[in-house]
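*Asks:* Can you read through this structure? Questions will come right after.
Number of protein chains: 2
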Amino acid sequence: MNTRFAVATHILAYLAHAQGQPVSSDVLASSAGTHPVVVRRLVSMLREAGLVQSQRGAGGGTLLARPATDISLLDVFRTMQDAEPDLFQVGSTNPNAHCQLGRVMQETLEGLFGPALDAMRAALAAVSVAQVAQELRQRLADCPGNSG
Amino acid sequence: MNTRFAVATHILAYLAHAQGQPVSSDVLASSAGTHPVVVRRLVSMLREAGLVQSQRGAGGGTLLARPATDISLLDVFRTMQDAEPDLFQVGSTNPNAHCQLGRVMQETLEGLFGPALDAMRAALAAVSVAQVAQELRQRLADCPGNSG
DNA sequence: CAGGTAAGTAACAGAAACGGTTACAAATGT
DNA sequence: ACATTTGTAACCGTTTCTGTTACTTACCTG
């Protein structure tokens, strides 16, 4: 699930940079260094999450569904999840059930891992796609001849 | 990699509870609800990290290599990593190289994901195995007839 | 209306990781 | 000696992910 988060953020930052112009999956894939279908898969998830919007047909593509300032990395993280609940998955192991050590251990670990996840979520929530795009612009200004 | 972290913490908490008595991989596996060889695999990693110590032969087993108060969940997390660098793996995608958008995007993302990881690490560093074991004891006191 | 463009999606292949398991060697205490 | 227990290697089945192909659907333009 690792690259999905990075690629999705890549896509969103690119769309923020495009300022309302639809961008095709071919262009996005070329920029992110992956396959257009992979991009469309991620875009599908982002669209279901209400972060982007798509237009079919000639001249179509994907664009942000709301201002880049209103999309945080936490939004992206949650959309790409499958990972968030699994990060410190305590529930998959099947300890001894009822009130024995195994079960109590699970509850205890959940209580202790929680703050770590909360801290990470808070840090992700503090960064918007607009910030990513802006930092990108600044860095791009430092080197000539960029296309995509 | 998810269950590894939880099972490893389980093991360490159990060892802290055992207070210097070597615990066999059979007992640990039974408590954690997994296979003894899986436990030995994890114990191998924990041993390389200097967190535990093992004794072969009859009456042998594993015990903590240092006080439980000196082992944080961050130590466990780092030992079980393979995941830590991959959590927000930005480098696997192969964008357009040189100074183009793809490469700059990587650097930008790394800079923005960093604080999220730092926050999580700080939260994990704040919890020791001793705390886990103590919380376990408290919870176990609330229900009768626990063995393993 | 015809044709080109591009999203949407299903399906498959190959790779990697993980957990569980078996098997066996090495070490250690009784 | 012998039982016990760690230390590893090896293998299997499952899952997950990425890349890719192929095909359908939708939309714009001439």
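Chains as they are written, first to last, in numbering that gives the first Met the number 0: chain H, 0 to 147; chain P, 0 to 147. By construction, the Cβ of each residue, glycine as well, lies at the ideal position given by its N, Cα and C atoms.
Check distances from the C-beta atoms of the stretch 1-27 of chain P to those of chain H and list, in chain order, the residues that come in under 8 Å.
*Replies:* Within the stretch 1-27 of chain P, the qualifying residues are 1, 2, 4, 5, 6, 8, 9, 12 and 13.
*Asks:* According to the Cβ coordinates, are residue 19 of chain P and residue 62 of chain P closer than 8 Å?
*Replies:* Taking the second sequence and counting its residues from 1, one reaches residue 19 of chain P at position 20. Taking the second sequence and counting its residues from 1, one reaches residue 62 of chain P at position 63. A contact, by the Cβ cut-off of 8 Å.
*Asks:* How many angstroms separate the CA atom of residue 32 of chain P from the CA atom of residue 55 of chain H?
*Replies:* What you label residue 32 of chain P is simply residue 33 of the second sequence in a count that begins at 1. What you label residue 55 of chain H is simply residue 56 of the first sequence in a count that begins at 1. Spanning the two alpha carbons is a distance of roughly 51 Å.
*Asks:* State the start and end residues of the unbroken alpha helix (DSSP H) segment that holds residue 6 of chain H.
*Replies:* For the purposes of this step, residue 6 of chain H is taken as residue 7 along the first sequence, with counting starting at 1. Looking at the DSSP string, the run of the alpha helix (DSSP H) that includes residue 6 of chain H is 1-17.
*Asks:* Please confirm whether residue 114 of chain P has its beta-carbon closer than 8 Å to some beta-carbon of chain H.
*Replies:* Locating residue 114 of chain P in the second sequence gives position 115, counting from the first residue. Chain H contact via Cβ: present.
*Asks:* Where does residue 36 of chain P land, buried or exposed, given buried means 16+ other C-beta within 10 angstroms?
*Replies:* On the second sequence, position 37 is the one that residue 36 of chain P refers to. By the 10 Å Cβ count, residue 36 of chain P comes out exposed.
*Asks:* Please state whether DSSP places residue 51 of chain H in a helix, a strand or coil.
*Replies:* Residue mapping note: residue 51 of chain H aligns to position 52 of the first sequence, counting from 1. Here residue 51 of chain H sits in strand by DSSP.
*Asks:* Contact criterion: CB-CB distance below 8 Å. Does residue 111 of chain H meet it with respect to chain P?
*Replies:* Along the first sequence, read from residue 1 onward, the residue named residue 111 of chain H stands at position 112. It does; some Cβ of chain P falls within 8 Å.
*Asks:* Does residue 92 of chain P get closer than 8 Å to chain H when you measure Cβ to Cβ?
*Replies:* As a first step, residue 92 of chain P must be located in the second sequence, where it is residue number 93. Legend: pLDDT at residue 92 of chain P = 48, less than 50; position of this residue unreliable, no value from coordinates given.
*Asks:* Looking at the C-beta of residue 40 of chain H, does it have a partner C-beta in chain P at a distance below 8 Å?
*Replies:* Within the first sequence, the letter at position 41 stands for residue 40 of chain H. Not one chain P Cβ lies under 8 Å of residue 40 of chain H.
*Asks:* Determine, using beta carbons only, whether residue 51 of chain P comes closer than 8 Å to chain H.
*Replies:* In the second sequence, residue 51 of chain P corresponds to position 52, counting from 1. Closer than 8 Å: no.
*Asks:* Classify residue 117 of chain H: buried if its beta carbon has 16 or more other beta carbons within 10 angstroms, exposed otherwise.
*Replies:* The count along the first sequence starts at 1 and reaches residue 117 of chain H at position 118. When all chains shown are included, residue 117 of chain H counts as exposed.
*Asks:* In the DSSP assignment, the alpha helix (DSSP H) including residue 78 of chain H goes from what residue to what residue?
*Replies:* The sequence position of residue 78 of chain H within the first sequence is 79, counting from 1. Unbroken alpha helix (DSSP H) run through residue 78 of chain H: 72-78.
*Asks:* Which word fits residue 3 of chain H, buried or exposed, when buried means at least 16 other C-beta atoms lie within 10 angstroms of its C-beta?
*Replies:* Working through the first sequence from its first residue, we reach residue 3 of chain H at position 4. Buried, by the Cβ-count rule.
*Asks:* Could you tell me which chain H residues have their CB closer than 7 Å to the CB of residue 154 of chain P, listed as they occur along the chain?
*Replies:* Look at the range of chain P in this structure, 0 to 147, and you will see that residue 154 of chain P is not part of it.
*Asks:* Excluding the 5 residues flanking residue 11 of chain P on each side, which residues of the same chain have their C-beta closer than 6 Å to its C-beta?
*Replies:* What you label residue 11 of chain P is simply residue 12 of the second sequence in a count that begins at 1. Around residue 11 of chain P: 128.
*Asks:* Among the candidates H:57, H:136, H:74 and H:29, whose CA atom is the shortest distance from the CA of residue 45 of chain H?
*Replies:* Numbered from 1 along the first sequence, position 46 holds the residue referred to as residue 45 of chain H. The candidate whose alpha carbon is nearest that of residue 45 of chain H is H:74.
*Asks:* What residue from P:21, P:132 and P:50 has the CA that sits closest to residue 59 of chain P's CA?
*Replies:* As a first step, residue 59 of chain P is located in the second sequence; it is residue number 60 there, counting from the start. The option with the nearest alpha carbon to residue 59 of chain P is P:21.
*Asks:* Counting only the same chain and skipping the five closest in sequence on each side, list residues whose C-beta sits under 6 Å from that of residue 7 of chain P.
*Replies:* One-based indexing of the second sequence puts residue 7 of chain P at position 8. So the list reads 41, 75 and 79, once near-sequence residues are dropped.
*Asks:* Which same chain residues end up closer than 7 Å to residue 120 of chain H when comparing Cβ atoms and leaving out the 5 residues on each side of it in sequence?
*Replies:* Reading the first sequence from its first residue, position 121 is the one you call residue 120 of chain H. Result list for residue 120 of chain H: 73, in chain order.
*Asks:* Among the candidates H:24, H:43, H:29 and H:51, whose CA atom is the shortest distance from the CA of residue 15 of chain H?
*Replies:* Stepping through the first sequence from its first residue, residue 15 of chain H is reached at position 16. Measuring from the Cα of residue 15 of chain H, the nearest candidate turns out to be H:51.
*Asks:* Buried or exposed for residue 134 of chain P, please, with buried defined as at least 16 other CB atoms from any protein chain shown within 10 angstroms of its CB.
*Replies:* Position 135 of the second sequence, counted from the start, is the residue given in the question as residue 134 of chain P. Buried, by the Cβ-count rule.
*Asks:* Going along chain H, which residues have a C-beta under 8 Å from residue 36 of chain P?
*Replies:* In the second sequence, residue 36 of chain P corresponds to position 37, counting from 1. What residue 36 of chain P touches in chain H: nothing, since even the nearest Cβ is about 15 Å away.
*Asks:* Within 8 Å of any Cβ in chain P, is that where the Cβ of residue 104 of chain H sits?
*Replies:* Position 105 of the first sequence, counted from the start, is the residue given in the question as residue 104 of chain H. Yes, residue 104 of chain H counts as interfacial toward chain P.
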